[in-house]
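Just so you know, the protein sequences line up as chains A and B, in that order. Residue 1 is where the first sequence starts when you use this note's numbering, and the numbers rise one by one after that. Residue 234 is where the second sequence starts when you use this note's numbering, and the numbers rise one by one after that. Ideal placement from N, C-alpha and C gives every residue a C-beta, glycine not left out. Note sheet for the following structure.
There are 2 protein chains.
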Amino acid sequence: MDTVKTVKPSAGPIRRETLHHGAVAELRAMILSGELRPGSRVPEVQLCEQLGVSRTPLREALRVLAAEGLVELRPHRGAVVTPIDPREIAAVFEVMEALEALAGDLACRRGTVEEFAELDRLHDQLHAQFDAGDRLAYFLTNRQIHARIVAMARNPSLDATYAGFASKILRARSLANYDEERWRDSLNEHEGVMAAFRQRDAAVAGSLLAAHSRQTAEAVLAALNGCGAELQT
Amino acid sequence: MDTVKTVKPSAGPIRRETLHHGAVAELRAMILSGELRPGSRVPEVQLCEQLGVSRTPLREALRVLAAEGLVELRPHRGAVVTPIDPREIAAVFEVMEALEALAGDLACRRGTVEEFAELDRLHDQLHAQFDAGDRLAYFLTNRQIHARIVAMARNPSLDATYAGFASKILRARSLANYDEERWRDSLNEHEGVMAAFRQRDAAVAGSLLAAHSRQTAEAVLAALNGCGAELQT
DNA sequence: TCGTGCCAGATTGTATACAATATGGCGATT
DNA sequence: AATCGCCATATTGTATACAATCTGGCACGA
Chain A
1 MDTVKTVKPS
11 AGPIRRETLH
21 HGAVAELRAM
31 ILSGELRPGS
41 RVPEVQLCEQ
51 LGVSRTPLRE
61 ALRVLAAEGL
71 VELRPHRGAV
81 VTPIDPREIA
91 AVFEVMEALE
101 ALAGDLACRR
111 GTVEEFAELD
121 RLHDQLHAQF
131 DAGDRLAYFL
141 TNRQIHARIV
151 AMARNPSLDA
161 TYAGFASKIL
171 RARSLANYDE
181 ERWRDSLNEH
191 EGVMAAFRQR
201 DAAVAGSLLA
211 AHSRQTAEAV
221 LAALNGCGAE
231 LQT
Chain B
234 MDTVKTVKPS
244 AGPIRRETLH
254 HGAVAELRAM
264 ILSGELRPGS
274 RVPEVQLCEQ
284 LGVSRTPLRE
294 ALRVLAAEGL
304 VELRPHRGAV
314 VTPIDPREIA
324 AVFEVMEALE
334 ALAGDLACRR
344 GTVEEFAELD
354 RLHDQLHAQF
364 DAGDRLAYFL
374 TNRQIHARIV
384 AMARNPSLDA
394 TYAGFASKIL
404 RARSLANYDE
414 ERWRDSLNEH
424 EGVMAAFRQR
434 DAAVAGSLLA
444 AHSRQTAEAV
454 LAALNGCGAE
464 LQT
């Protein structure tokens, strides 16, 4: 029992992650949470000491985030957190609408009974959170529901693509809280979607989800344009 | 006029590319062309001398390609060119169908007269190449047409996403040439799409493009399953 | 006063050296 | 003879050093 090194004594979950992988996760979280503001420059050395890694893994992480579109790299001029451009968000929503429709359709066809039940449970929770006026909880449950629907579609490519688009929308959304009326409408749209799911009506579920996405887009874009240009920097 | 260095005398477009950027382009081309076979390992040092760069930019390039899904990284075990999994290709095609529909719809609404004319011209060219039996030329024109349609949609996010999916499909397609009958059907489907475009019927154009994608998917997947598992390694 | 060219500082891009981990083969033990 | 454990080798992960490029400001001249 003295030279057993293939198994660690359970002190920490084997730390199989590489540094740049972890850096990607942390940076992404920082960007999505708004800790790194859109349009702000990202000095490498500063982030290095902040994350406790060297420049090499950090730069690899920046390349990955650039491929995801969360940062932009300009040769010899450093990286900037991708600014939130209302036109780009509009474009993202356009694609998102198609993805939601596809996800809703496929989820309806491929979801298990357990998954539909889980969806029902989450929807009830959503409703309760709306009644309680808990915006944050509602928001989180809402994301969870949509993620579940996408998962039910059994399509890894759709899942990955959806996640990428959702992250871009999330950034815009955190800057623009929409109003009470839209909130109520949103819940009603969810009701409709759930009704379609309960009837296993794939076509309707898909188109209702698409419509829901379109309505959300309008609200978010209106809020973005309302806030104006100070979001850019 | 002796020390003007801000403007180069037009000898080459200012060479603004970084090494890792170029490496990404070259590696992607090598993967898409099949020069790097699916499933094959990718030793870093070998690629370094092959591309004439150091490990640092090469590794950054590999991270980018991993984010695109063209290679897979396993910690301490190197990178492999993502194997072609028929199930994954099927999933990709499912999303692609939705993207084609969206692209067709938007292109119809937003294309300029000049772009529609250009599309007509390309379609005539496609037809001629079919009559001449020139598969390669047909294939290239086909890709060009679809790219043009996506461009007409005026949606950068759609464009980028479409390109990513198209590249994955391209790899599978190069392994599986479909038969004469499918070729003829494909041309006929293009005829239908063009007819819808000429009438500026967005809904029909979108659904026909989606159907075209679905048919293509069936043919490619059939060919993939026909070839069998030797494609994996 | 304004514009231009140049330079110092800072930051990024790349190369290389070192550390950590996986792989394959060898020998000891049962 | 077969299996298990260990070690040498190769490959990847990370850190650091050096080169190239950009930025901002200043002096010079028109």
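Secondary structure at B:E305, three-state DSSP: helix, strand or coil? DSSP places B:E305 in strand when its eight states are reduced to three.
Test item: CB-CB of B:L442 and B:E333 under 7 Å: Taking the C-beta atoms as reference points, B:E333 is found nearer than 7 Å to B:L442.
7 Å is my cut-off, CB to CB: does B:P316 come that close to chain A? Interface flag for B:P316 against chain A is unset, since no Cβ pair is found closer than 7 Å.
Compare the Cα-Cα distances from B:I378 to each of B:E305, B:P271, B:H360 and report the closest residue. Ranking B:E305, B:P271, B:H360 by Cα distance to B:I378 puts B:H360 first.
Taking the alpha-carbon positions, what's the A:T18 to B:F326 distance? Their Cα atoms are separated by approximately 32 Å.
Consult DSSP for A:M1 and reduce its assignment to one of helix, strand or coil. Reliability of the predicted coordinates at A:M1 is poor, the pLDDT of 33 falling under 50, and no value is obtained from them.
Listing by chain order, which chain A residues have their CB less than 7 Å from the CB of B:V325? Here the neighbours are S157.
Do you know whose CA, among A:T141, A:F116, A:Y162, lies nearest A:R200's CA? Looking from the CA of A:R200, the closest CA among A:T141, A:F116, A:Y162 belongs to A:F116.
Within a Cβ cutoff of 8 Å, which residues of the same chain sit near A:A90, ignoring the five residues on either side of it in sequence? Closer than 8 Å at the Cβ level, and outside the excluded window around A:A90, lie A217, L221.
Considering only residues of the same chain and omitting the five flanking positions on each side of B:A405, which have a CB-CB separation below 7 Å? Taken in chain order, the residues that qualify are I317, I322, V453, L457.
Straight-line Cα distance separating A:H123 from A:Q129: Take the alpha-carbon of A:Q129 and the one of A:H123: they are about 10 Å apart.
Which value, in whole angstroms, describes the spacing of the CA atoms of A:S174 and A:G34? One C-alpha to the other measures close to 8 Å.
Taking 7 Å as the cut-off, decide whether the C-beta atoms of B:V328 and A:S157 are in contact. Taking the C-beta atoms as reference points, A:S157 is found nearer than 7 Å to B:V328.
In its own chain, which residues sit with a C-beta less than 7 Å from the C-beta of A:V150, not counting the 5 before and 5 after it? Result list for A:V150: A103, L158, D159, Y162, in chain order.
From B:E422 to A:G133, what does the alpha carbon distance come to, in whole angstroms? Each residue's alpha carbon lies about 52 Å from the other.
Determine the DSSP secondary structure at A:G52, reduced to helix, strand or coil. In the three-state reduction of the DSSP assignment, A:G52 falls in the coil class, being assigned neither a helical nor a strand state.
Nearest-angstrom beta carbon gap, B:R387 and B:L339 [assumed within contact, 8 Å]: Here B:L339 really is in contact with B:R387; their C-beta atoms are around 7 Å apart, less than 8 Å.
Excluding the 5 residues flanking A:G111 on each side, which residues of the same chain have their C-beta closer than 6 Å to its C-beta? Only M152 meet the Cβ criterion.
Could you work out which residues of chain A lie near B:H394, taking near to mean beta carbons separated by less than 7 Å? His is not the amino acid found at residue 394 of chain B; the sequence shown has Thr there. At a beta-carbon threshold of 7 Å, the residues of chain A lying near B:T394 are V95, T161, ordered along the chain.
Contact between the region 31-49 of chain A and the region 263-280 of chain B: three or more CB pairs below 8 Å? With a cut-off of 8 Å on Cβ pairs, the region 31-49 of chain A is not in contact with the region 263-280 of chain B, counting fewer than three such pairs.
The beta strand (DSSP E) spanning A:G34 covers which residue range? Here A:G34 belongs to no beta strand (DSSP E), and DSSP marks it neither H nor E.
Can you tell me whether B:G337 is helix, strand or coil according to DSSP? B:G337 falls in the helix class under three-state DSSP.
Contact with chain B by A:T18, beta-carbon distance below 7 Å: For A:T18, the answer is yes, since a Cβ of chain B falls inside 7 Å of its Cβ.
If I follow the unbroken beta strand (DSSP E) through B:G311, where does it start and stop? In the DSSP annotation of this structure, the continuous segment of the beta strand (DSSP E) that includes B:G311 starts and ends at 311-314.
Assuming A:L73 and A:V24 are in contact, meaning their beta carbons sit under 8 Å apart, how far apart are those beta carbons, in whole angstroms? That belief does not hold up - the Cβ atoms of A:L73 and A:V24 are roughly 15 Å apart, past 8 Å.
Which residues of the region 132-149 of chain A have a Cβ closer than 7 Å to any Cβ of chain B? Give them in chain order. Answer set for the region 132-149 of chain A: empty.
Contact with chain B by A:L102, beta-carbon distance below 7 Å: Yes, contact with chain B.
8 Å Cβ cut-off: residues of chain B touching A:L99: What A:L99 touches in chain B: V328, A331.
Separation of B:R376 from B:L291, as counted between CA atoms: Rounded to the nearest angstrom, the two C-alpha atoms are 29 Å apart.
Does B:H253 pass the burial test, meaning 16 or more other C-beta atoms within 10 Å, or should it be called exposed? Answer is buried; the Cβ neighbour count reaches 16.
Are the C-beta of B:P271 and some C-beta of chain A separated by less than 7 Å? No - not a single Cβ of chain A is within 7 Å of the one on B:P271.
Please determine, among B:P319, B:R342, B:Y411, B:F398, the residue with the shortest C-alpha to C-alpha distance to B:L369. Among B:P319, B:R342, B:Y411, B:F398, the Cα nearest to that of B:L369 belongs to B:Y411.
Is the shortest distance between the beta-carbon of A:G12 and the beta-carbons of chain B less than 7 Å? Summary for A:G12: the model assigns pLDDT 35, below 50, so the residue's position carries little reliability, and this model does not support an answer.
For a contact meaning CB atoms closer than 8 Å, what does B:V297 contact in chain A? Per Cβ cutoff of 8 Å: R63, V64, A66, A67.
Of all Cβ atoms in chain B, is any one closer than 7 Å to the Cβ of A:E26? When Cβ-Cβ separations below 7 Å define contact, A:E26 makes no contact with chain B.
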